[in-house]
Amino acid sequence: MGEVVGYDGGMAPEIEAATALLESWDGDLEELAWTAELLGTIALDDPRAVSSLAALAKKVCARAGDAPEVEKLQRALEIAARLS
Amino acid sequence: MTVIRRGDPKKEMGVTDTPVLRQDPRKSAETIRDPGAVHRITGPAQETEQAKKIRTDAAVKAVTETFHRLGRRLETVDLTNTSQVEALRASVLRAAGALEIAIAMPEIQDSASSQRKLSISIGSVLDPLEHAMGQVAEQGITSKKFHQLSGLLEVAHAKLIAPATNLRADAGTFVSIPDSIEVVKGAHAKLDEALAKLEKRGKKLSLEAQAALFRAILSKDNGGSIISIDAGIFDFLPEHLSRAITRDHHGIHADPSGLEINSTMRLLDDVEKVRSLPLTTEEKIAYLEHQYRNVTTNNLGDAILPMVLVNRIPELVAHGGIQIAMKSGSTALLGVDHLRRLAHFEDYGFFGSSNVIEGRKRSGPCEVRLRDLIHIVLANYQVFDELLAKYEIRGSDRFDPLPPERQEQLVQEARTLVEKNLGDYGARMQKAESFKSSVESLKDNVAGSHDQMRRYLEERGVSKADLDTLEGKIYYFFSQKTGGRFATWDAPSLVHKNQIQWESIDFGNGKWGFVLAVPSGRDPSFLDTTMVKAFGPRFPKGIARGDTLFFVFNSADGVVPPEEMAKALAEQLRAHERKTKPRGASQLAVPPLVTPGENVISHDAYLYDDHGNYLWTPERHAQAKQFADEAYEHALNDPRFDRVVLMVGLPGAGKSTYLRTHPDPKAIFIDETLTTPEKRRELIDKAQHHHKAVHVIWVDTPYELCCDRTATRGDRDIPKAWMDARNDELRRDPPTNDKGVKVTVVR
Numbered sequence: 539m540g541e542v543v544g545y546d547g548g549m550a551p552e553i554e555a556a557t558a559l560l561e562s563w564d565g566d567l568e569e570l571a572w573t574a575e576l577l578g579t580i581a582l583d584d585p586r587a588v589s590s591l592a593a594l595a596k597k598v599c600a601r602a603g604d605a606p607e608v609e610k611l612q613r614a615l616e617i618a619a620r621l622s
Numbered sequence: 084m085t086v087i088r089r090g091d092p093k094k095e096m097g098v099t100d101t102p103v104l105r106q107d108p109r110k111s112a113e114t115i116r117d118p119g120a121v122h123r124i125t126g127p128a129q130e131t132e133q134a135k136k137i138r139t140d141a142a143v144k145a146v147t148e149t150f151h152r153l154g155r156r157l158e159t160v161d162l163t164n165t166s167q168v169e170a171l172r173a174s175v176l177r178a179a180g181a182l183e184i185a186i187a188m189p190e191i192q193d194s195a196s197s198q199r200k201l202s203i204s205i206g207s208v209l210d211p212l213e214h215a216m217g218q219v220a221e222q223g224i225t226s227k228k229f230h231q232l233s234g235l236l237e238v239a240h241a242k243l244i245a246p247a248t249n250l251r252a253d254a255g256t257f258v259s260i261p262d263s264i265e266v267v268k269g270a271h272a273k274l275d276e277a278l279a280k281l282e283k284r285g286k287k288l289s290l291e292a293q294a295a296l297f298r299a300i301l302s303k304d305n306g307g308s309i310i311s312i313d314a315g316i317f318d319f320l321p322e323h324l325s326r327a328i329t330r331d332h333h334g335i336h337a338d339p340s341g342l343e344i345n346s347t348m349r350l351l352d353d354v355e356k357v358r359s360l361p362l363t364t365e366e367k368i369a370y371l372e373h374q375y376r377n378v379t380t381n382n383l384g385d386a387i388l389p390m391v392l393v394n395r396i397p398e399l400v401a402h403g404g405i406q407i408a409m410k411s412g413s414t415a416l417l418g419v420d421h422l423r424r425l426a427h428f429e430d431y432g433f434f435g436s437s438n439v440i441e442g443r444k445r446s447g448p449c450e451v452r453l454r455d456l457i458h459i460v461l462a463n464y465q466v467f468d469e470l471l472a473k474y475e476i477r478g479s480d481r482f483d484p485l486p487p488e489r490q491e492q493l494v495q496e497a498r499t500l501v502e503k504n505l506g507d508y509g510a511r512m513q514k515a516e517s518f519k520s521s522v523e524s525l526k527d528n529v530a531g532s533h534d535q536m537r538r539y540l541e542e543r544g545v546s547k548a549d550l551d552t553l554e555g556k557i558y559y560f561f562s563q564k565t566g567g568r569f570a571t572w573d574a575p576s577l578v579h580k581n582q583i584q585w586e587s588i589d590f591g592n593g594k595w596g597f598v599l600a601v602p603s604g605r606d607p608s609f610l611d612t613t614m615v616k617a618f619g620p621r622f623p624k625g626i627a628r629g630d631t632l633f634f635v636f637n638s639a640d641g642v643v644p645p646e647e648m649a650k651a652l653a654e655q656l657r658a659h660e661r662k663t664k665p666r667g668a669s670q671l672a673v674p675p676l677v678t679p680g681e682n683v684i685s686h687d688a689y690l691y692d693d694h695g696n697y698l699w700t701p702e703r704h705a706q707a708k709q710f711a712d713e714a715y716e717h718a719l720n721d722p723r724f725d726r727v728v729l730m731v732g733l734p735g736a737g738k739s740t741y742l743r744t745h746p747d748p749k750a751i752f753i754d755e756t757l758t759t760p761e762k763r764r765e766l767i768d769k770a771q772h773h774h775k776a777v778h779v780i781w782v783d784t785p786y787e788l789c790c791d792r793t794a795t796r797g798d799r800d801i802p803k804a805w806m807d808a809r810n811d812e813l814r815r816d817p818p819t820n821d822k823g824v825k826v827t828v829v830r
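Residue numbers (the working numbering), protein chains in the order written: chain A, 539 to 622; chain B, 84 to 830.
Structural data, given as structure tokens:
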């Protein structure tokens, strides 16, 4: 069977945006909430990227302390990790 | 759904008028394995809130556990083993008993979360239950015990679907058009700020990632995303952002391959994608609810059903469909495939489809057939017609002009009435009948409206030559003052055989509106993009079959009076006729293949006569096949072509549509069904002999959809047996990647 049209093999847009936000995080909690939303939108096309993103997110969470946004992000990461 | 028919299941089960799931709940409770649950369920009359909660939880738990066990048993049961069949029977009774108790409890009837848990448990056994029913039927088992079991399973299947009636999603909140635009503009401004900030940090996002971030911002600020359904409300945004929050099939939201995929189908795609993920059912529901938390639209006709489905996401996820009422008080599961067919008929098959009527086969209890799907569509159109009259919306079913609170009222009413059509069989049939009556009475007035408009055009100086040019091609008529919008739209298409119909609507004070529409199965290709010149930049660049082309209601949209429009249309038609003259097989020994647009070989192309009619005889077919073979040889020797693309798929799959939207001047396209490896091999061998690369594109469209499309095409009749045979061939030996052949599947 051949390839199925629609899959381009590139990085999932949610992962791309979340990575950019996390890599350059400057303490803005709203951005963490966006990141949680992005990961909640399920990284279907590139589950392999989730593990490296998880490590990055953990570092950011450690810096962010116990803000509610951190909990949301951790929950989203758990789901994304299961999909990988 | 596989339905087993071996006489009256109730009689075979040894019960008369008491189906198995209608037993005395206390008796059923005795069969529940968890004695603690039974004890709690039969607790004292005066209860504290906590005691009630414990009792409710116990009842839900009993359902969850018994259904879990039933599901596992159904998956593993050996139906030839008598003791396993007995155990299965006991398991069904236990699950049914636990469910009966739970759904009778007022606390559960009032609790959406408890109902959701029950629904999920029920959903977990529907598939294995159906599988077991199928096994019983397939194995042709005749013993009395199996008869009893099959009857039991059938009754269980019907009854298990029922308790989901009141299950509703925490999603689908309608946001009026102005409010939704404000919300989206706010998120867009935030996105711009975020992108600027990221850019300062040296990060630049792709358009797709920008769209993802935009959705995230919207979701974060609104407790979930917002989606525009079947309406380009957010098209003021950059295209990639509008597409990210729109489920539509018009304009920039149309399928890029030209396939007939509408908003409901896009929603169902989302549902099916999420259903396939390795998440719990609750997580899947929560995810979809989050995506569809808020919805907006301006489109009454096409958006209300998907909005109702959004409201029933838990059922869709847990059961793979929604429950609807059927005749004799029964219920049936309207599965995702049913919903796709319904949606396709509504958008691409309904308008002008006199040949479909209502589908010939009638359904039995708990069954859903094409006829039932059509009844739902007609009943919904009747609802919309009544509401458009009530809300005084003329000319179209778009309700943008209403103030926000009226928009909300209208959508709420429409949803309630569509829900009623689904949940009340009698109401549905009555509405469908009303719609049919309305269409029938309007049909009688069509010719008069046409004559009236012809006189009007003559009086305003449209020449006889122009009117003669329109004759037989574009059927024009004045909009009738009575009758619902959808009925008014449909009735003329059942009277005339023209390719396009043009309805002129007089709004008074010199303001005119018009609706150009293509009835199902007609060919609108003679109108091309030069129409933009006549009617302004909003005129669509592509014209779809079976859909409305364009609504115009005021001069700002570029409207022109009917007399000017008639002249412009006549001119357009003449220009088209000068460009393209019909060609017949007798004129063409070998197709020219001189331009990139003509590098498509199909023996069907030689079966049209000089008037464009499809004419099949064994002799003509043999000759056409020979012409096609010669054309292929000719093309293989042409150095301009370096590859061969074999289009594979059933008639109606969308092969030709794909070709139109994926031109490739360096490829020779073979547009045939090519359902067997032998047919493909012959063409591949020839191509490889000429050192051409070979690419197979299999347009894998659901079989039923292909049948629906071919049934409404109108240019030829394809026997069902022929379609069945080709479908069997294709499923048995689908195209494979072998000997240097690349295969792409388009779904």
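Positions of the beta carbon are idealized from the N, C-alpha and C atoms, including for glycine.
Per DSSP, cross-strand counterpart(s) of residue i
i, result
"B:Ala415", "B:Ile407"
"B:Gly506", "According to DSSP, B:Gly506 bridges with nothing at all."
"B:Phe434", "DSSP lists no partner for B:Phe434."
"B:Asp754", "B:Met730"
"B:Phe428", "In DSSP, B:Phe428 forms no bridge with anything."
"B:Asn377", "B:Thr256 and B:Ile309"
Where residue i sits in the DSSP three-state scheme
i, result
"B:Val829", "strand"
"B:Gln492", "helix"
"B:Val782", "strand"
"B:Ala831", "Beyond the ends of chain B as shown, which are 84 and 830, falls residue 831 of chain B; an answer cannot be given."
"B:Phe518", "helix"
"B:Thr793", "helix"
"B:Ile457", "helix"
"B:Thr363", "coil"
"B:Ser603", "coil"
"B:Ile203", "helix"
"B:Thr700", "coil"
"B:Arg330", "strand"
"B:Ile316", "coil"
"B:Asn528", "helix"
Straight-line gap, residue i to residue j (C-alpha atoms, nearest Å)
i, j, result
"A:Gly565", "B:Thr379", "34 Å"
"B:Arg605", "B:Gln582", "5 Å"
"B:Ser202", "B:Ser532", "53 Å"
"B:Ser325", "A:Ala550", "19 Å"
"B:His686", "B:Tyr715", "10 Å"
"B:Leu399", "B:Leu416", "10 Å"
"A:Ala558", "B:Ser587", "54 Å"
"B:Val826", "B:Ala750", "15 Å"
"B:Glu169", "B:Leu162", "10 Å"
"B:Phe467", "B:Asp480", "8 Å"
"B:Gly403", "B:Ile186", "21 Å"
"B:Asn305", "A:Leu560", "22 Å"
"B:Ser174", "B:Leu157", "9 Å"
"B:Val357", "B:Met390", "18 Å"
"B:Ala530", "B:Ser517", "22 Å"
"B:Leu540", "B:Phe561", "11 Å"
Supposed close pair residue i, residue j - CB separation, criterion 8 Å
i, j, result
"B:Gly334", "B:Asp318", "7 Å"
"B:Ile387", "B:Ile316", "Between B:Ile316 and B:Ile387 the Cβ distance is about 15 Å, and since that is not below 8 Å, they are no contact."
"B:Asn377", "B:Ile312", "Rounded, the Cβ-Cβ distance is 11 Å, inconsistent with contact."
- [ ] Evaluate contact between the segment 707–723 of chain B and the segment 785–792 of chain B, counting only Cβ atoms and requiring at least three cross-stretch pairs below 8 Å.
- [x] no
Task: Inter-stretch contact (C-beta, 8 Å, three-pair minimum) for the segment 515–531 of chain B and the segment 288–300 of chain B - done: no
- [ ] May I ask you to verify whether the segment 205–220 of chain B touches the segment 141–153 of chain B, counting CB pairs closer than 8 Å and requiring at least 3?
- [x] yes
TODO: Could you tell me whether the segment 759–776 of chain B touches the segment 810–827 of chain B, where touching means 3 or more Cβ pairs closer than 8 Å?
DONE: yes
TODO: Answer yes if the segment 341–350 of chain B comes into contact with the segment 415–431 of chain B, meaning at least three C-beta pairs across the two stretches below 8 Å, and no otherwise.
DONE: yes
Open item on the list: Under 8 Å, with one C-beta from each stretch per pair, do the segment 534–546 of chain B and the segment 502–512 of chain B reach the 3-pair mark?
Closed with: no
TODO: Could you tell me whether the segment 492–501 of chain B touches the segment 546–566 of chain B, using the rule of 3 or more Cβ pairs below 8 Å?
DONE: no
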